[in-house]
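Everything on this sheet refers to the single structure shown next.
This is the structure we're talking about:
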């Protein structure tokens, strides 16, 4: 991956991942056994938790298929690795903040974007003095019936994080 062409987004829109792309017969399963999908997911998960909130959504999407990943999932993971290769200098930067200390939160939801369960995704990030201090990207626990409901669920989760 060191010589790979770098890209600018962690997970492109043309990746529509679902369980339908998981291997269904023995030959496909045998082919995927030699692919280090779980190991690579573990590595990028470590990066996400420690220093790279920008890949939280991509890791959340890709980690769902760790037990039975297909070639489409592997291609999406390689895409993420190419993004990481081109953004080695990215990370969390902490600096002194003497006045105007602000806690800023950004919240979003992606309505019914999970192809398998039709659940929405909650994503949020909190910064303090410009440094990222908390972030999350996770499927919501219930199926929202509208974009408004999905956004309210996301705001509630973010509020619980900020106040809890």
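In the numbering used here, the protein residues as written are 27 to 190. C-beta atoms are modelled at their ideal positions from N, C-alpha and C, and glycine is treated no differently. On a predicted model such as this, the values are computed, not experimentally measured, just so you know.
Subject >> Span of the alpha helix (DSSP H) around residue 135 >> reply: Per DSSP, residue 135 belongs to no alpha helix (DSSP H); it is in the beta strand (DSSP E), 129-136.
Original post:
Less than 8 Å separating the beta-carbons of residue 119 and residue 157?
Top reply: In this structure, residue 157 lies closer than 8 Å to residue 119 by Cβ.
Subject >> residue 162: first and last residue of the uninterrupted beta strand (DSSP E) it sits in >> reply: 157-165
Original post:
Counting along the chain, where does the beta strand (DSSP E) carrying residue 149 start and finish?
Top reply: 147-154
Original post:
What residue from 50, 181, 125 has the CA that sits closest to residue 93's CA?
Top reply: Minimum Cα distance to residue 93 is reached at 50.
Original post:
In the structure shown, what three-state DSSP assignment does residue 188 receive?
Top reply: Note: residue 188 maps to helix in three-state DSSP.
Original post:
What are the uninterrupted segments assigned as alpha helix (DSSP H) that are 4 or more residues long and contained completely in the stretch 40-87, given in chain order?
Top reply: 52-59, 63-76
Subject >> Within-8 Å CB hit, residue 37 to chain C >> reply: Note that chain C does not occur in the displayed structure, where there is just one protein chain.
Subject >> Inter-residue spacing [alpha-carbon to alpha-carbon] between residue 101 and residue 124 >> reply: 45 Å
**OP:** Tell me whether residue 37 sits in a helix, a strand or coil according to DSSP, three-state version.
**Re:** coil
**OP:** Could you tell me the boundaries of the alpha helix (DSSP H) in which residue 30 lies?
**Re:** Where residue 30 is concerned, there is no enclosing alpha helix (DSSP H), given that its DSSP letter is neither H nor E.
Subject >> Cβ distance (whole Å) where residue 159 is taken to contact residue 170 below 8 Å >> reply: Going by Cβ atoms, the distance from residue 159 to residue 170 rounds to 27 Å, so no, they are not a contact pair.
Original post:
Using 8 Å as the threshold, is the stretch 33-48 in touch with the stretch 133-151, meaning 3 or more CB pairs across them?
Top reply: With the cut-off at 8 Å, the stretch 33-48 and the stretch 133-151 touch.
Original post:
Shortest alpha-carbon distance to residue 75 belongs to which of 33, 161, 113?
Top reply: 161
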